[in-house]
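Numbering (the working numbering), first residue to last: 1 to 136. In what follows, a structure is listed as structure tokens, so that the remarks can point back to it.
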């Protein structure tokens with residue numbers, strides 16, 4: 001069996017408290033890196049980075065924010081507090097600990113709000129903000 005065939009590659013959805021379906025990809029088994037996309041992108045925009053860090057032994061996760069990609073196309077909850085709550089639900093569902101969160105644009109604001117509201121208890125190791133918008 002090759003190393004590539006032993007790598008955990010998966011995807012799924014979670015349902016948030018308000019019934020929104022959040023799609024995510026979850027690849028690998030090492031320290032988790034969670035990628036947060038910008039507006040109006042999707043988790044697919046992180047595939048090159050996910051493959052790179054997967055090859056370095058990390059577990060890589062990316063989700064489609066509500067209203068984007070394969071997540072529910074809802075017109076409710078499109079603000080930073082709800083985005084952060086959605087991330088907290090995903091992190092709890094996947095039982096992530098010591099995660100590195102990487103956010104671009106709106107995803108950076110999402111990371112900042114998530115870390116501020118939910119970042120205690122060993123869930124967050126680092127935050128990387130790339131061209132982040134303020135978490136208004």
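For every residue, glycine included, the Cβ atom is placed at its ideal position computed from N, Cα and C.
Who are the near neighbours of residue 131 in its chain, counting only those whose CB is closer than 8 Å to its CB and skipping five residues on each side? The residues are 38, 104, 105, 108.
With 16 other CB atoms within 10 Å as the buried threshold, where does residue 110 fall? buried
Residue closest to residue 27, alpha-carbon to alpha-carbon, out of 72, 68, 49, 17: 49
Once the 5 residues before and after residue 60 are set aside, which same chain residues still bring their CB inside 6 Å of it? 27, 28, 33, 50, 53, 54
Per DSSP, what kind of secondary structure is residue 74 in: helix, strand or coil? coil
Which residue or residues does DSSP assign as beta-bridge partners of residue 21? 15
Residue 87: first and last residue of the uninterrupted alpha helix (DSSP H) it sits in: 80-94
Based on the DSSP secondary-structure assignment, which residues constitute the bridge partners of residue 132? None, per the DSSP bridge assignment.
Sort out for me which residues DSSP pairs residue 148 with in a bridge. One cannot answer for residue 148 here, as it falls past the ends of the chain, which runs 1 to 136.
How big is the Cα-Cα spacing for residue 93 and residue 86? Between the alpha carbons of residue 93 and residue 86 lies a distance of about 11 Å.
Beta carbon of residue 114, beta carbon of residue 84: below 8 Å? yes
Any idea what DSSP makes of residue 26, helix, strand or coil? strand
Is it buried or exposed, residue 2, if we count other Cβ atoms within 10 angstroms and call 16 or more buried? For residue 2, the pLDDT reaches just 43, beneath the cut-off of 50, and the residue's location in the model is therefore unreliable, although a value from the coordinates is still provided. Exposed, since its Cβ has fewer than 16 Cβ neighbours within 10 Å.
I'd like the span of the alpha helix (DSSP H) that includes residue 49, first residue to last. 47-55
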